[in-house]
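Q: Residue numbers (mature numbering (1 follows the signal peptide of the UniProt record, and there is no 0)): -20 to -1, 1 to 377. Positions of the beta carbon are idealized from the N, C-alpha and C atoms, including for glycine.
1) What three-state label does DSSP hand residue 358 in the structure shown?
2) Threshold first: 4 residues or longer. Then list the alpha helix (DSSP H) segments lying entirely within the stretch 276 to 316, N to C.
3) Using C-beta distances below 7 Å, list every residue in its chain close to residue 299, excluding the 5 sequence neighbours before and after it, in chain order.
4) Can you give the Cα-Cα distance for residue 116 and residue 106, rounded to whole angstroms?
5) Quick check: the Cα distance between residue 102 and residue 318, rounded to an integer number of angstroms?
6) Evaluate residue 208 with the Cβ neighbour count: other Cβ atoms within 10 Å of its Cβ, from every protein chain shown; 16 or more gives buried, anything less gives exposed.
7) Could you tell me the alpha carbon to alpha carbon distance between residue 236 and residue 358, rounded to whole angstroms?
8) Report yes or no: do the stretch 134 to 151 and the stretch 85 to 95 share at least 3 C-beta pairs separated by less than 8 Å?
9) Less than 8 Å between the CB atoms is what I'm expecting for residue 153 and residue 108, so what's the real figure, rounded?
10) Which partner residues does residue 347 have in the DSSP bridge list?
11) Apply the 10 Å Cβ neighbour rule to residue 183 and answer buried if 16 or more other Cβ atoms are within range, or exposed otherwise.
12) With a threshold of 6 Å on Cβ separation, who are the neighbours of residue 351 within its own chain once the five nearest residues in sequence on each side are excluded?
13) Within its chain, find whatever has a CB closer than 7 Å to the CB of residue 40; leave out the 5 residues flanking it on each side and keep chain order.
14) Which of the three DSSP states is assigned to residue 178 in this structure?
15) Counting Cβ pairs, one atom from each stretch, are 3 or more of them under 8 Å apart for the stretch 335 to 350 and the stretch 266 to 285?
16) Count the CB pairs spanning the stretch 237 to 253 and the stretch 187 to 197 that are closer than 8 Å, and state whether there are at least three.
17) Tell me which residues share the same chain as residue 292 and place their Cβ nearer than 8 Å to its Cβ, disregarding the 5 neighbours each side in the sequence.
18) Kindly indicate the opening and closing residues of the beta strand (DSSP E) around residue 40.
19) In the structure shown, what three-state DSSP assignment does residue 373 receive?
20) Between which residues of its own chain and residue 225 is the CB-CB distance below 6 Å, once the five residues before and five after are set aside?
21) Could you round the C-beta distance between residue 94 and residue 34 to whole angstroms and report it? I think they count as a contact, below 8 Å.
22) Who pairs with residue 329 in a beta bridge, going by DSSP?
23) How many Å lie between residue 381 and residue 58 at the Cα?
24) Can you tell me whether DSSP reads residue 382 as helix, strand or coil?
25) To the nearest angstrom, how far is the alpha carbon of residue 321 from that of residue 309?
26) Nearest to residue 31 by CA position, among 371, 370, 367, 355, is which residue?
27) In three-state DSSP terms, what is residue 56?
28) Just the Cα atoms here: how many angstroms apart are residue 267 and residue 45?
29) Taking just the CA atoms, how far does residue 372 sit from residue 52?
30) Could you tell me which residues DSSP pairs with residue 255 in its beta bridges?
31) Quick one: measure Cβ to Cβ for residue 92 and residue 324, integer angstroms, because I've assumed they're closer than 8 Å.
Structure (structure tokens):
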């Protein structure tokens, strides 16, 4: 798991010009317990305890489950939390953001989905949270999968819930965070009759290609700091990302796109400009740029660079709650807010809300900087938890 759980963290590391810088930005969150403890001591300051992570005894039933996906052929590991002694309660399936995530959505020692599930189940809402494919108890290969594959995984969870006699089949909904917020409408498209509502949190409604450019621009601004250099570097990046979906599906094809990009740069910029950008037309520059973009050959990138979430958003007929944070630095919140509001079905219960001074991960932080995620004790703001809970209960009870 990547240190910051950043959307497009791979690219943000790769677009740095030196491999040393890239390696530093791609530092993995350790998986072994001993190194995990050492990492936490280095990166999580004293006083940043994760106070919202639930501790027993629980006031609801906690059930670890395994279920099979008929369409995918995979086995899924998950946890279902459900209210005690109640019937006809609503149930939600949680959808995590980019990167292979466990069922708790563990990142920087936060357990975002465990915190969310605890809040909801204490208030009378059942929650199914699932290990991503290839993670934890779920089979499959995350690295060779696309967002549509992940939608099929979530749909398998919905179908599993419908086999249980203790789940109200008419009150099943979805909650997606970040990329999960655009996967939710994909799930609806697969199973429109059985998705009754959805909540989209920090969803990149503009599409992940545009989010990639949004994040890349911020990185270039930090790296170059001169408007003319930033503009030229973005022009190069746009050329490459525009051409990859149609023209680059193999390493040789990617090299051809890179060569065309650098040849175009040579025609429109001075030698001095290219030196400042740390790119020229020589073999080394071509190789550096190729290595920076070769992850775009993965099935996930190839799919997501073509995908326009708005089309699936328009097709959703069930109630939607959209939640954004004004200080989000991973997606452009104002643009996503407007796009979602303009493209969801008009009804009395759908709503789109902007929380002031909230970052991408639903924490209070006016700066919104990803480097702060680990330093904030709060996992999810209380008012966000309350909004999610009250909206579901008002809708379903």
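A: From the atom records:
1) coil
2) 279 to 284, 289 to 295
3) Once the five neighbours on either side are set aside, the close Cβ partners of residue 299 are 177, 327, 329, 330, 375.
4) Rounded to whole angstroms, residue 116 to residue 106 spans 21 Å at the Cα level.
5) Looking at the two C-alpha atoms, the distance is approximately 33 Å.
6) exposed
7) Approximately 47 Å between the Cα atoms of the pair.
8) no
9) Contact between residue 153 and residue 108 is ruled out by a C-beta separation of about 11 Å, above the 8 Å threshold.
10) Paired residues: none, contrary to the question.
11) buried
12) none
13) 61, 62, 63, 64, 101, 102
14) strand
15) The stretch 335 to 350 vs the stretch 266 to 285: no contact.
16) no
17) 162, 165, 166, 168, 169
18) 40 to 48
19) helix
20) 285, 286
21) 6 Å
22) For residue 329, which the question treats as bridged, DSSP gives no partner whatsoever.
23) Absent from the structure is residue 381, since the part of the chain shown begins at -20 and ends at 377.
24) Here the chain comprises residues numbered -20 to 377, so residue 382 is not present and cannot be evaluated.
25) 20 Å
26) 355
27) In this structure, DSSP gives residue 56 an extended state, which the three-state scheme calls strand.
28) Between residue 267 and residue 45, the C-alpha separation is close to 47 Å.
29) 29 Å
30) None; residue 255 has no bridge partner.
31) The pair is not a contact, with the Cβ atoms about 24 Å apart (cut-off 8 Å).
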